[in-house]
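In what follows, a single structure is set out as structure tokens and then discussed.
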Amino acid sequence: QQFSSCKLRDPAVLTQRGLEASVRQALLHLGLPVGAPCLSLDGAVRVGLPLKYNGVAVAWQVVPPAWCSRNPPHTPTAEAQAQAWALQYRGYTVLTVPFHEWAAVLESGDVVVQAGYLQSMLNGLSLTAPRMANL
Numbered sequence: 002q003q004f005s006s007c008k009l010r011d012p013a014v015l016t017q018r019g020l021e022a023s024v025r026q027a028l029l030h031l032g033l034p035v036g037a038p039c040l041s042l043d044g045a046v047r048v049g050l051p052l053k054y055n056g057v058a059v060a061w062q063v064v065p066p067a068w069c070s071r072n073p074p075h076t077p078t079a080e081a082q083a084q085a086w087a088l089q090y091r092g093y094t095v096l097t098v099p100f101h102e103w104a105a106v107l108e109s110g111d112v113v114v115q116a117g118y119l120q121s122m123l124n125g126l127s128l129t130a131p132r133m134a135n136l
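With my numbering, the residue at position 51 of the sequence shown is 52, and numbering never jumps.
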């Protein structure tokens, strides 16, 4: 039996752009108006999946394997945390989609299950001011 450093081979899980594309597809299935990737108003931070939800600026942050520790529990690196904090500082409420959780959801092969995962995150959205907390 060969050891593979990464059992996941699907680009929809391994790359930031692939994660964004598959998450975008599920959000569109929910009928949400997800914006195109853009820069924050000051041009300093990339917002991969911007969305206005009930008047709140939401930034969906996908966390690819490169932004996590290699072994479970795949703790986000300082780069992922800094990205989230930079978005929060600019007024976004950040919803994080870690690659390993999204991979488990994608295994279902059902866009309804994928959309349900994201909808549950939106349902738990706190409409209070963003705070600087660990992911």
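Quick reminder that beta carbons are idealized off the backbone N, C-alpha and C, glycines included.
Which residues bound the alpha helix (DSSP H) around Trp103?
-> The residue you call residue 103 lines up with position 102 of the sequence shown. Its alpha helix (DSSP H) spans residues Phe100 to Leu107.
Give the straight-line distance between the Cα atoms of Tyr90 and Gly56, rounded to the nearest whole angstrom.
-> In the sequence shown, counting from the first residue as 1, residue 90 sits at position 89. In the sequence shown, counting from the first residue as 1, residue 56 sits at position 55. Distance between the alpha carbons of Tyr90 and Gly56 is about 17 angstroms.
Cα-Cα separation, Asp111 to Lys53 | Counting from one through the sequence shown, the residue named residue 111 turns up at place 110. Counting from one through the sequence shown, the residue named residue 53 turns up at place 52. Straight-line Cα distance between these residues: approximately 25 angstroms.
CB Trp68 to CB Ala60, shorter than 8 angstroms?
-> Taking the first residue of the sequence shown as 1, we reach residue 68 at position 67. Taking the first residue of the sequence shown as 1, we reach residue 60 at position 59. Contact: no.
Taking the alpha-carbon positions, what's the Glu102 to Ala85 distance?
-> As a working mapping, residue 102 is identified with position 101 in the sequence shown. As a working mapping, residue 85 is identified with position 84 in the sequence shown. So the two alpha carbons sit approximately 18 angstroms from each other.
Using the Cα positions of Glu108 and Ser41, report the straight-line distance between them to the nearest angstrom.
-> For the purposes of this step, residue 108 is identified with residue 107 of the sequence shown, where counting begins at 1. For the purposes of this step, residue 41 is identified with residue 40 of the sequence shown, where counting begins at 1. Inter-residue distance for Glu108 and Ser41 is about 33 angstroms (C-alpha atoms, whole angstroms).
Pair within 8 angstroms by beta-carbon distance, Gly36 and Ala58 = Position 35 of the sequence shown holds residue 36. Position 57 of the sequence shown holds residue 58. No, they are not a contact pair.
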